[in-house]
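Per this note's numbering, the very first residue in the sequence shown carries number 10; after that it's consecutive. Note that CB positions come from ideal geometry on N, CA and C, so glycine has one too.
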Amino acid sequence: KTEDPTSFSHCDTVHEGERYHFCSEACAEIFEDEPAKYVQALLPVHQIYQGKSGGPELPQVLTDYYHINIGEDNFDYVGSPDEKRWNEIKGIKPLNKDTDAA
10 KTEDPTSFSH CDTVHEGERY HFCSEACAEI FEDEPAKYVQ ALLPVHQIYQ
60 GKSGGPELPQ VLTDYYHINI GEDNFDYVGS PDEKRWNEIK GIKPLNKDTD
110 AA
């Protein structure tokens with residue numbers, strides 16, 4: 010256990026052969042008191058750690074489980090397809106770099 014507020018407080022425990030991960034010792038203790046109440050929950054983090062969410066590597070998890078389009082969904086907002094769609098919805102015309110002053 011650490012008292013440093015800037016460090017991670019990750020905890021884990023094994024129940025019936027499966028490893029479960031928690032954000033803190035307090036959450037791990039709650040689980041350990043009543044595991045049957047929580048093991049049926051399909052929590053994304055547990056599914057990822059158990060290898061049930063797209064694959065063993067992070068890029069597969071991001072694309073297959075979270076449906077993130079690498080190179081499109083994970084870049085800056087300015088100039089992104091999301092910014093373009095938002096501007097279309099709001100009726101904001103894109104700046105013409107040749108004629109519009111900053």
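- Residue pairing by DSSP places phenylalanine 31 opposite Cys20 in a beta bridge.
- Setting aside the 5 residues that flank it on each side, proline 68 is surrounded in the same chain by Ile79, each with a C-beta closer than 8 angstroms to its C-beta; the list follows chain order.
- Per the coordinates, the alpha-carbon of aspartate 91 lies some 17 angstroms from the alpha-carbon of tyrosine 75.
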